[in-house]
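Numbering (the working numbering), first residue to last: 7 to 232.
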């Protein structure tokens with residue numbers, strides 16, 4: 007039976023999309039790389055045989071050259087052999103890379119330092135959302151809207167969609183005042199309260215709303231207005 011005739015949840019690519027990449031076996035991952043088998047084996051069966059030949063040890067598989075892979079296994083041509091070698095080399099290089107260090111937000115000043123370079127010299131207003139995980143680390147900075155010299159629009163749905171998609175536990179809102187003043191407007195106050203109430207409905211916290219001016223900022227959290 008060809009892989010295309012398998013149940014959708016059993017095909018490597020479809021299984022990955024349905025259940026996540028961690029659900030795939032080494033043979034299924036290898037099958038995605040080689041794409042097809044030969045006249046007697048599916049890609050998964052060929053991958054299982056390749057792994058069995060090296061006692062299911064990926065380090066041993068990485069030692070096989072392009073020529074060895076081509077000569078030992080029917081259905082593995084030069085392109086497939088190169089793909090296998092390249093994938094294993096990438097895995098080896100990933101292991102030597104430092105883990106991603108996400109910025110942490112512990113105070114309003116941390117937020118100011120994070121976004122001030124993006125907003126300090128703009129001649130127009132921009133509204134950004136900083137998405138935070140439960141460890142107070144920044145998942146992502148998202149530009150929500152861009153406006154004129156005195157205001158910008160704020161769609162709560164876009165803000166919440168970004169937070170939900172990123173699986174954020176908290177949001178920090180931030181916008182600039184091109185005039186240099188850090189005094190929040192009545193519209194800023196209303197936006198803050200509307201977002202706080204809406205975010206609470208989906209179990210997301212609004213940690214702060216920062217207004218950036220000329221080298222300084224206003225924090226709703228610091229001022230006790232959240």
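Glycine included, C-beta positions come from ideal geometry on N, C-alpha and C. Predicted model, so just to flag it, every value in this text is computed and none were measured.
- Between residue 223 and residue 105, the alpha-carbon positions lie close to 32 Å from each other.
- Contact between residue 218 and residue 121 is confirmed by a C-beta separation of about 7 Å, below the 8 Å threshold.
- Following the DSSP letters along the chain, one finds residue 21 inside the alpha helix (DSSP H) bounded by residues 18-25.
- Under the three-state reduction of DSSP, residue 213 is assigned to strand.
- Residue 110 sits in a strand when the DSSP states are folded into three classes.
- Inter-segment contact for the segment 79-92 and the segment 112-130 is absent: fewer than three beta-carbon pairs are separated by less than 8 Å.
- Between residue 149 and residue 136, the gap from beta carbon to beta carbon reaches 8 Å or more.
- Classified as exposed, residue 187 has fewer than 16 neighbouring CB atoms from the shown chains inside 10 Å of its CB.
- DSSP places residue 199 in the uninterrupted alpha helix (DSSP H) bounded by 192-207.
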